[in-house]
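Numbering (this note's numbering), first residue to last: 128 to 527. Glycine is no exception: its CB is placed at the ideal position from the N, C-alpha and C atoms. Source: prediction; values computed, not measured. Only one structure is covered here, and it is reproduced in the block below.
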Amino acid sequence: MKSSIETILRAIFHTIGILNKGDQKFWIKLFEVLLHMRGRKNYTNIARFGSFGENTLRRRFGRPIDWLSFNLCLLDSKANSQSPLIGAIDCSFLHKSGNKTYGLDKFWSSVAGKTIRGLEISLAGVIEVLGPRVWAIDVQQTPAGLSNTDNAQHNRLDFYLAQLCRCVLRLPQVLYWVGDSFYAKSKVFQSLESQGRFFITQLRNDANLRYIKALETPGKPGRKPKWGEKVVFTDLSRWDNLGRDFKLPHLRLYAQELYSPAFDRVLKVVLVQNTKTGKHLLLASSNPTQEPRQIVAYYQLRFHLEFFFRDAKQFGGLEHAQTRQKENLHNHFNLSMTSINLMNALQVTLPNMTSKNSLIRVAFNTNLIHLVIQKLGLKPEFVNSKTKLDSLYYYGALAA
């Protein structure tokens, strides 16, 4: 496994221009330690498992690193070339103690169901449609003090949009980007449209939408209206009935091309009706000719970003940052996300690894066995040939 990590990382270092052997050795060793260590992934605990001191880690994490290029190289080398890719953006709340940590503010926590004090990160990622597997591309910490209102001179949406635009420019192969209802704003539609991309999002359940053509009213004087009547969602007689959703049979789908006065554009809108609760939600794509079921499938894939946040918190130490500095926090958050990317790459390279939990167990077992052999002064090739150690490497791992 160590050789696999080193092979992957050295190819990336050569591509992004990290040619210093000392820097390469540090990052290779750090990623190896993150994979097999136990406990919190902070400076103190990493120093216990690694061969570098705590001060070395603090100093290294204070230097700028081009994480965007790093993750793009990992994506290009390990992503499934047969699968279409879609982009997605979302935020996650992080708990953090202390009063002087950079970025401390009140942010929305979906777990708590309210805004609470802590940190927030914004993740722009890429999702393989056939898989699906998520790859983190760029992680940015939301600064404190940004307004959450649309009419502010520089608000949180502007910050997220700047990050999104940076990633869009580096991902010409990604045509569709997905965001939840928070990103359903004119700025986002206009920005992606100017770069030749399409945006899929969720609209308000009572969104102001109009039909493309008005109903015929013979004998009515005056100029014909440019757009048709306002949509009433209790009357779906003018919608295309697509039947049931393939994944969730209790959902019934209806589609129609509609004009949105708020966004000043024609959208392909899919009404998803829950036959169990009687409620509905509206999904919209800025591509009016997009296949409706594809809109639903792409929006459903967006939720895999939540699984990526879960893995980063569980296996990458996303909330274990032992620092208050802006640059150190930025590098810690990106390192946590990139470590999950590396686990994805190892799962591609080592297909018998069915889960990240198994991957970490095997890495820990391998490191411990090699450490015992080294401390006893034995030759690894002799021990492996004379004893049955294969079962110990996979001790506690899930069966493939």
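Inset, instruction - Would you list the one or two residues that DSSP bridges to E384? - result: Here residue 384 is taken as the residue at index 257 of the sequence shown, counted from 1. Partner(s): K395.
Inset, instruction - Determine the direct distance from the alpha carbon of F436 to that of S236, and round the result to whole angstroms. - result: Walking along the sequence shown from the start, residue 236 turns up at place 109. Walking along the sequence shown from the start, residue 436 turns up at place 309. Taking the Cα positions, S236 is about 13 Å away from F436.
Legend entry - Beta-carbon proximity check, K440 vs E433, cutoff 8 Å: In the sequence shown, the residue the question calls residue 440 occupies position 313. In the sequence shown, the residue the question calls residue 433 occupies position 306. No. Outside cutoff.
Inset, instruction - Tell me whether the beta-carbon of F326 lies closer than 8 Å to the beta-carbon of L336. - result: Position 199 of the sequence shown holds residue 326. Position 209 of the sequence shown holds residue 336. No.
Legend entry - Reduced DSSP category for H447 - H, G, I as helix; E, B as strand; rest coil: For the purposes of this step, residue 447 is identified with residue 320 of the sequence shown, where counting begins at 1. In the three-state reduction of the DSSP assignment, H447 falls in the coil class, being assigned neither a helical nor a strand state.
Legend entry - Segment contact flag, the segment 218 to 232 with the segment 489 to 496, C-beta cutoff 8 Å, min 3 pairs: Flag = no, the segment 218 to 232 and the segment 489 to 496 do not touch.
Legend entry - Beta-carbon spacing of T481, L519 below 8 Å: By one-based count along the sequence shown, residue 481 stands at place 354. By one-based count along the sequence shown, residue 519 stands at place 392. Against a cut-off of 8 Å, the Cβ pair of L519 and T481 comes out as no contact.
Inset, instruction - Leaving out five residues on either side along the sequence, give the residues of the same chain with a beta carbon under 7 Å from the beta carbon of C292. - result: Reading the sequence shown from its first residue, position 165 is the one you call residue 292. Within its own chain, the residues whose Cβ lies closer than 7 Å to the Cβ of C292, once the five positions on either side in sequence are excluded, are S318, listed in chain order.
Inset, instruction - Compute the distance between the beta-carbons of F373 and H407, then report whether it is under 8 Å. - result: As a position in the sequence shown, residue 373 is number 246, starting the count at 1. As a position in the sequence shown, residue 407 is number 280, starting the count at 1. Result no, Cβ atoms of F373 and H407 do not sit closer than 8 Å.
Legend entry - Per-residue burial, R283 [other beta carbons within 10 Å of its own, 16 or more giving buried]: Here residue 283 is taken as the residue at index 156 of the sequence shown, counted from 1. Buried, by the Cβ-count rule.
Legend entry - Alpha-carbon to alpha-carbon, G258 and P388: In the sequence shown, counting from the first residue as 1, residue 388 sits at position 261. In the sequence shown, counting from the first residue as 1, residue 258 sits at position 131. Approximately 37 Å between the Cα atoms of the pair.
Inset, instruction - Return the chain-ordered list of same chain residues with a C-beta closer than 6 Å to the C-beta of Q400, the five sequence neighbours on each side being excluded. - result: Translated into positions along the sequence shown, residue 400 becomes position 273. R379, H407, listed in sequence order.
Inset, instruction - Run through the segment 237 to 271 for me and flag every whole beta strand (DSSP E) of 3 or more residues, listed as ranges in chain order. - result: Unbroken beta strand (DSSP E) runs of no fewer than 3 residues, entirely contained in the segment 237 to 271, are found at 241 to 255, 261 to 268, following chain order.
Inset, instruction - Would you kindly report the start and end of the unbroken beta strand (DSSP E) that includes N368? - result: On the sequence shown, position 241 is the one that residue 368 refers to. 367 to 371 is the extent of the beta strand (DSSP E) around N368.
Legend entry - H457: first and last residue of the uninterrupted alpha helix (DSSP H) it sits in: The residue labelled residue 457 in the question sits at position 330 within the sequence shown. Membership of H457 in the alpha helix (DSSP H) is indicated by the continuous run 453 to 476.
Inset, instruction - Return the chain-ordered list of same chain residues with a C-beta closer than 6 Å to the C-beta of E133, the five sequence neighbours on each side being excluded. - result: Walking along the sequence shown from the start, residue 133 turns up at place 6. Result list for E133: I155, in chain order.
Inset, instruction - Within the same chain, show all residues whose beta-carbon is closer than 7 Å to that of K403, passing over the 5 residues directly before and after it, in chain order. - result: Translated into the one-based positions of the sequence shown, residue 403 becomes position 276. These residues qualify, in order along the chain: H377.
Legend entry - Proximity of I467 and A263 at Cβ, strictly below 8 Å: Mapped onto the sequence shown, residue 467 falls at position 340. Mapped onto the sequence shown, residue 263 falls at position 136. The Cβ-Cβ distance between I467 and A263 falls below 8 Å.
Inset, instruction - Identify which residue in V160, T171, D217 has its Cα closest to the Cα of A490. - result: Your numbering for residue 490 matches position 363 in the sequence shown. The shortest Cα separation from A490 among V160, T171, D217 belongs to V160.
Legend entry - CB contact flag (I248, H431, <8 Å): By one-based count along the sequence shown, residue 248 stands at place 121. By one-based count along the sequence shown, residue 431 stands at place 304. Against a cut-off of 8 Å, the Cβ pair of H431 and I248 comes out as no contact.
Inset, instruction - Measure the alpha-carbon distance for I500 versus K506 and round it to whole angstroms. - result: Taking the sequence shown and counting its residues from 1, the one referred to as residue 500 is at position 373. Taking the sequence shown and counting its residues from 1, the one referred to as residue 506 is at position 379. Distance between the alpha carbons of I500 and K506 is about 7 Å.
Legend entry - Whole-angstrom distance between Q290 and W304, CA atom to CA atom: Counting from 1 along the sequence shown, the entry for residue 304 is found at position 177. Counting from 1 along the sequence shown, the entry for residue 290 is found at position 163. Roughly 13 Å separates the two Cα atoms.
Inset, instruction - Could you tell me which uninterrupted alpha helix (DSSP H) segments, each at least 4 residues in length, are contained entirely in the segment 310 to 345, listed from first to last along the chain? - result: DSSP runs (the alpha helix (DSSP H)) wholly in the segment 310 to 345: 313 to 321.
Legend entry - Opening and closing residue of the alpha helix (DSSP H) in which I213 lies: By 1-based counting over the sequence shown, the position of residue 213 is 86. No alpha helix (DSSP H) contains I213, which is instead part of the beta strand (DSSP E) from 212 to 221.
Legend entry - Exposed unless 16 or more other CB atoms sit within 10 angstroms - verdict on P419: Taking the sequence shown and counting its residues from 1, one reaches residue 419 at position 292. So P419 counts as buried.
Inset, instruction - Answer yes or no: do Y271 and L231 have a C-beta to C-beta separation smaller than 8 Å? - result: Along the sequence shown, read from residue 1 onward, the residue named residue 271 stands at position 144. Along the sequence shown, read from residue 1 onward, the residue named residue 231 stands at position 104. Rather than Tyr, the amino acid found at residue 271 in this sequence is Ala. Yes, these two residues count as a Cβ contact at 8 Å.
Legend entry - Proximity of Q452 and N169 at Cβ, strictly below 8 Å: One-based indexing of the sequence shown puts residue 452 at position 325. One-based indexing of the sequence shown puts residue 169 at position 42. Annotated as distal: Q452 and N169, with beta-carbon spacing of 8 Å or more.
Inset, instruction - Can you grab the Cα-Cα spacing for the pair T465 / N198, in whole Å? - result: Taking the sequence shown and counting its residues from 1, the one referred to as residue 465 is at position 338. Taking the sequence shown and counting its residues from 1, the one referred to as residue 198 is at position 71. Spanning the alpha carbons of T465 and N198 requires a straight line of approximately 7 Å.
Legend entry - N- and C-terminal bounds of the alpha helix (DSSP H) containing W154: The residue labelled residue 154 in the question sits at position 27 within the sequence shown. Segment 148 to 163, the alpha helix (DSSP H) holding W154.
Inset, instruction - Starting from V295, follow the alpha helix (DSSP H) in both directions and report where the run begins and ends. - result: Your numbering for residue 295 matches position 168 in the sequence shown. Its alpha helix (DSSP H) spans residues 283 to 297.
Legend entry - Selected residue, minimal CA-CA separation from M470, among R392, S485, P352, R187: Walking along the sequence shown from the start, residue 470 turns up at place 343. With distances taken between Cα atoms, M470 lies closest to S485.
Inset, instruction - Would you decide whether K241 is buried or exposed? Buried here means 16 or more other CB atoms lie within 10 Å of its CB. - result: On the sequence shown, residue 241 is found 114 positions in, with the first residue counted as 1. So K241 counts as exposed.
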